[in-house]
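Read the structure below first, then the notes.
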Amino acid sequence: MDNHAWLQGYIKKEAAVKIEGNRYYSLILKFFLSPLILIFILTCLSNASVNDKNVPAKVPGQKYHGLQIRADLVDGKIQYRLVESSSVDFILDENCQVKDLKIKVNGQEIVYHQVEKVVENGQIEKNDLFAYILYGPEIVKGSTMDPEELLFKFYRGKISPFINADYPLYPTLKLTTDKLGLKLPHRTFVVLSGFGSAAHEFFCYLERESATDEISSSDPCLLSFDQALEIHYKDQNSTALKGLGEKYARRLDYEKAEKAYLKALRLPGEDDYEPLLSLYFNTNQTAKAKKFILDALDRSPMKYDLYVALARVYLAEGEYEKAVSAALTAQKLNPENGLSKSYDVLARAYLKQLNFVEAIEALSRAAVLAEKECQQNQDLLQQFFNRPEDKAAEFNCRLSRVPYELSIIYALSALEKYEQAEEGAEALRQVLPQNPVIYGWLGLVKAGQGENGKALEMAEKSLSLFKRKGIGASISQGEIYPQIIAVQKGTPAERAGLKIGDRIVAVNRQDVRLSREQEDPTQMVARIFKTQERAKLLIHRPGSLELKEVEVQVEEYWPEEAGPVLKLREQVAGSKRKIDPISLRKFMDEFYEKQPWP
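Residues 623 to 1220 (my numbering) make up the sequence shown, in order.
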């Protein structure tokens, strides 16, 4: 029996050794084995019982052979090809250490002298994820190369974790192998140049002793999520813990995101609870937010931000009087920065209470403070980063007032102070002349004044600006791919069966990730929706092993926030009678509820 087979047999027996440990000891003592054999067996049993949760158990050695794959952009299209003259070979031994790694490229054989095992920390280098990073390239065979040139061209080597459907780049790997007629690789090995770009990429396959050997889809050498948390916690690395929270929040894996944020908050002196509270609020977990805030206030009863967050919880729960009280308590603490937050939530509570006079005062105060705080932040950026003045002026802090001023128009309209509401809307129109919400409010105000013709004109203008061309799905940049975050009812996206969380891998057979150097992926998708009548989307649904091609019709449609304006247009079109005040107020309330807050 060779050593490899013996090792496999040993691993299979290891569980039995643990269960029957006491029996083995008694047998050893009973039959008086030689001291050398006794020491050997005791050592094996001791190693088998080690319970270090941060170190993977010993596993059978894994031998890999990799083929180089190139993806080139030719005439605006991605072309894939196999480079048969290049390869990589390496072994992951029973301790998950990289051994005997050799790269063959252009007749040269290259090795790396240093290997570091990477602990997941939420950071992604060039949209990739890796388990090992290698340093110190050296040519061991082939033509000589200047050491600096070698270091630049083979700056780093990276070995990925075992590939499965949860691997961030799974869709691209699946797309590539399907086009080349290859099987999905078990791992990848990537050579990075000094620019940080992938100079060489290899699809690596685990060599099996026989064709019938099964290969697990899990990675025995990869630390689990909980193990990574423990390592970063032990190192008191709050940045890494919060990075993991952000990463899994982007993946919509809110349970892991919450665990990472909570772990960070357990570190001494760490009190940045905003990421955790944002997660709770964005996912409507107000009960968890409330419990966390009340516990935190027991420990730190003078925290301004905690009272603001508590006011937000009460607002979500419909406890408007408590929301007002918490917001006013926050203001008494008189923070140096961020005071606009308390006036923001105070105004929302007053609006819910239909206390429009107090709401207008709070909204006015929030608008002034928001612009002031924005300008202070811009001045700090200018001071510390020495940005050119033209760059500093790119963001207009005047815009930070707009959401509050729109809400003031709503409050004035609810009080039937239409002239003041119109004056405010006209002032805003000078700032944002193509904003559909402003024209919507002008339409509602004119309807309240009984000017149906003018109301219809403003409603039509609002709807023309609201109208969009697309598929009816909201898309944002996910961890790697553009990701669908909302699907509007009655739109092409819903009819095509698209779901929240779906990742867009390719559009019209163009891999959006590999086109990112020419154009931002989300902008590329939006551009295609605006300029074409139909689009073929290649979708990866999280957890699925397959990619699905979906064809969607691009249409013009109105977003949901245009609904009240559509109803207003229907009411005033061709009518000379003043709109019913109850119906008008209903339209106003609905329109206000659909408006975004800062």
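Positions of the beta carbon are idealized from the N, C-alpha and C atoms, including for glycine.
Top-ranked residue by Cα proximity to Arg1233, from Glu993, Ile853, Leu866: Outside the shown range of the chain, which is 623 to 1220, sits residue 1233, and nothing can be said about it.
Buried or exposed (CB count within 10 angstroms, at least 16 for buried), Gly1072: The residue is exposed, with fewer than 16 neighbouring Cβ atoms inside 10 Å.
Sequence-distant residues of its chain with Cβ nearer than 7 Å to Glu939 (five each side left out): The beta carbon of Glu939 sits closer than 7 Å to those of Thr908, all from its chain and outside the five residues before and after it, given in chain order.
Residue environment, Val762, which counts as buried when at least 16 other CB atoms sit within 10 Å: Its Cβ having fewer than 16 others within 10 Å, Val762 is exposed.
Three-state secondary structure (DSSP) of Lys708: According to the sequence displayed, residue 708 carries Ser and not Lys. In the three-state scheme derived from DSSP, where H, G and I count as helix and E and B as strand, Ser708 is classed as strand.
DSSP beta-bridge partners of Lys1158: In the DSSP assignment, Lys1158 forms a beta bridge with Glu1173.
Backbone CA spacing between Val930 and Pro923 [nearest angstrom]: Approximately 12 Å between the Cα atoms of the pair.
Cβ contact (3+ pairs, closer than 8 Å) linking the segment 753-767 and the segment 789-798: No, the segment 753-767 does not touch the segment 789-798.
Cβ-based neighbour list, Leu772, same chain, cut-off 7 Å, excluding 5 preceding and 5 following: Result list for Leu772: Pro759, Ile761, in chain order.
Nearest-angstrom beta carbon gap, Tyr876 and Leu887 [assumed within contact, 8 Å]: The C-beta distance from Leu887 to Tyr876 rounds to 16 Å, too long to fall under 8 Å, and the pair is not in contact.
Through-space distance from Leu845 to Thr794, alpha-carbon basis: The alpha-carbon atoms of Thr794 and Leu845 are separated by roughly 24 Å.
Close-in-space but distant-in-sequence residues of the same chain around Val1174 (CB under 6 Å, 5 per side omitted): Result list for Val1174: Ile1093, Pro1114, Ala1118, Ala1157, in chain order.
Buried or exposed by the 16-neighbour rule on C-beta atoms within 10 Å, applied to Leu1064: Answer is buried; the Cβ neighbour count reaches 16.
Buried/exposed call for Asn1074, threshold 16 Cβ in 10 Å: By the neighbour-count rule (16 or more Cβ atoms within 10 Å), Asn1074 is buried.
Beta-carbon proximity check, Thr1153 vs Ile1097, cutoff 8 Å: Cβ atoms of Thr1153 and Ile1097: not closer than 8 Å.
Whole-angstrom C-beta distance between Lys724 and Glu731, which should lie under 8 Å: With a beta-carbon spacing of about 6 Å, Glu731 and Lys724 fall inside the 8 Å limit used to define contacts.
Spatial distance of Ser1086 from Glu983 (CA atoms): Cα to Cα, the separation comes out at about 33 Å.
Best match in Ala1077, Asp768, Lys1121 for proximity to Gly1196 [C-alpha to C-alpha]: Cα-wise, what sits closest to Gly1196 is Ala1077.
Identity of the residue in Lys780, Phe1088, Leu968 nearest Ser1029 by Cα: Measuring from the Cα of Ser1029, the nearest candidate turns out to be Leu968.
CA-to-CA distance, Glu770 to Ser815, given in whole angstroms: Taking the straight line from one Cα to the other gives about 12 Å.
Limits of the unbroken beta strand (DSSP E) element including Gly605: Any property of residue 605 remains undetermined from this structure, which presents the chain solely from 623 to 1220.
Alpha-carbon spacing of Ala971 relative to Ala945, whole angstroms: Distance from the CA of Ala971 to the CA of Ala945, rounded to the nearest whole angstrom, comes to 6 Å.
Pair within 8 Å by beta-carbon distance, Val1109 and Ile1122: Yes, Cβ-Cβ distance for Val1109 and Ile1122 is below 8 Å.
8 Å contact criterion, which Val1053 and Leu1120 should meet: CB distance rounded: Contact flag wrong, Cβ pair sits at about 35 Å.
Close beta carbons around Glu1116, own chain, < 8 Å, minus the five adjacent residues each side: Closer than 8 Å at the Cβ level, and outside the excluded window around Glu1116, lie Gly1094, Val1109, Gln1110.
Local Cβ density within 10 Å of Gln684, reported as buried at 16 or more and exposed below that: Answer is buried; the Cβ neighbour count reaches 16.
Simplified DSSP assignment, three categories, for Ile785: In the displayed model, Ile785 falls within coil according to three-state DSSP, outside both helix and strand.
Cβ neighbours of Ala882 in the same chain (closer than 6 Å, five flanking residues each side left out): Apart from the 5 residues on each side of it in sequence, Ala882 sits with its Cβ closer than 6 Å to the Cβ of Leu863, Leu866, Gly867 in its chain, given in chain order.
Range of the contiguous beta strand (DSSP E) that encloses Thr810: First-last of the beta strand (DSSP E) with Thr810: 809-814.
Nearest-angstrom Cα separation, counted from Glu995 out to Tyr1214: Each residue's CA atom was taken as its position, placing Tyr1214 and Glu995 some 25 Å apart.
Lys805 beta carbon less than 8 Å from that of Thr799: Going by beta carbons, Thr799 and Lys805 fall inside the 8 Å limit.
Cβ pair Ala981, Ser964 closer than 8 Å: Inclusion of Ala981 and Ser964 in the CB contact set at 8 Å is not warranted, their separation being larger than that value.
Helix, strand or coil at Tyr1040 according to DSSP, with G and I counted as helix: Helix.
Pairwise C-alpha distance: Asp1124 and Ile1106: Straight across, the Cα-Cα distance linking Ile1106 with Asp1124 is about 5 Å.
Cβ separation of Tyr702 and Ile691, assumed to be a contact under 8 Å, to the nearest whole Å: The distance from the Cβ of Tyr702 to that of Ile691 is about 7 Å, consistent with a contact at the 8 Å cut-off.
Cut-off 7 Å between Cβ atoms - residues of its own chain near Val737, not counting five sequence neighbours on either side: If you ignore the 5 residues before and after Val737, its C-beta comes within less than 7 Å of the C-beta of Val720, Tyr754, Leu756, all in its own chain and listed in chain order.
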